[in-house]
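**Student:**
In my numbering, the protein residues as written are 334 to 586.
So, in structure tokens, the structure goes:
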């Protein structure tokens, strides 16, 4: 009986700890109030993206671009993101749609069509989440994307079976190789877009507009840096902003 009472007490305390506080005074420690479990929206498409001013603090933009304290930064919220403007400088962050794509396969299909010069292929569902029904409330929705095929096939290029040593399941942990675990094919450089490794599932840099396009899970993010920085610094700072925004959306990656 005593053991049952203890277990019931722990369950009650767990319910209280998971319930978000609704008043600022409820948090005496001064730490930010948790609104949801980290990563709960990482593959969900049932909610619109937050405003840019909510996801990206002005102080972080000021520190990233070394903006002087006396310089005013104007924040302009837009439908899929927003702008941070000071003087002749402008940083524009936006998602490709108002809500996440239905699955990583839909997102990669749209990414490749826009930034990898891959032609559109017939799909049973539109890859644009703003042009279709809401779909499932959470989790992936791979129907019509060729997800039952290898990653290369899901994006339109059928590749031969990988029989190399690096794809040998006998030498891998849990018999899952790097090639088997890869959901998205690596980005390749094209005439306009240069592959930018090391961020998201794939990313490309457009030097003509100083814009970084990044795919992560079922999100496509665009970061345009129109400042006086040189190309290398603009690309580096765009990647920093992208990492912060993705950490806010999916809880880190």
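We put the CB at the ideal spot given by N, CA and C, even for glycine.
1. If you reduce the DSSP assignment to three classes, tell me which class residue 427 lands in.
2. Report the residue from 410, 404 and 575 whose alpha carbon sits nearest the alpha carbon of residue 529.
3. Drop a sphere of 10 angstroms on the beta-carbon of residue 380, count the other beta-carbons inside from all chains shown, and report buried for 16 or more, exposed for fewer.
4. According to the neighbour-count rule (16 or more other Cβ atoms, all chains shown, within 10 Å of its Cβ), is residue 555 buried or exposed?
5. How should residue 550 be labelled, buried or exposed, when 16 other C-beta atoms within 10 angstroms of its C-beta is the threshold for buried?
6. When DSSP builds the beta bridges, which residues end up paired with residue 415?
7. Could you spell out the range, first to last residue, of the alpha helix (DSSP H) harbouring residue 544?
8. Excluding five sequence neighbours on each side, which residues of the same chain lie with their C-beta closer than 7 Å to the C-beta of residue 544?
9. Quick one: any contact between the region 426-445 and the region 407-418, if contact means 3 or more CB pairs under 8 Å?
10. If I measure Cβ to Cβ from residue 578 and keep anything under 8 Å in the same chain, skipping five residues before and after, which residues do I get?
11. DSSP state of residue 398, grouped into three classes?
**Tutor:** According to the structure data:
1. On the chain shown, residue 427 is found 94 positions in, with the first residue counted as 1. In the structure shown, residue 427 sits in a strand (DSSP, three-state: E or B).
2. In the chain shown, the residue the question calls residue 529 occupies position 196. The shortest CA-to-CA distance from residue 529 to any of 410, 404 and 575 is the one to 575.
3. Indexing the chain shown from 1 puts residue 380 at position 47. Burial state of residue 380 is exposed, judged by a 10 Å Cβ sphere holding fewer than 16 other Cβ atoms.
4. The sequence position of residue 555 within the chain shown is 222, counting from 1. The Cβ neighbour count for residue 555, taken over all protein chains shown within 10 Å, is at least 16; the residue is labelled buried.
5. For the purposes of this step, residue 550 is identified with residue 217 of the chain shown, where counting begins at 1. Flag for residue 550 reads buried.
6. The residue labelled residue 415 in the question sits at position 82 within the chain shown. Looking at the DSSP assignment, residue 415 forms a beta bridge with 410 and 426.
7. Within the chain shown, residue 544 is the residue found at index 211, counting from 1. No alpha helix (DSSP H) holds residue 544; the beta strand (DSSP E) holding it covers 544-549.
8. If you number the chain shown from 1, residue 544 lands on position 211. 555, 556 and 557.
9. They touch, by the three-pair rule.
10. By 1-based counting over the chain shown, the position of residue 578 is 245. Excluding positions up to five away in sequence, the list reads 388, 389, 426, 554 and 556.
11. Residue 398 sits at position 65 when you count from the first residue of the chain shown. If DSSP states are grouped into helix, strand and coil, residue 398 belongs with coil.
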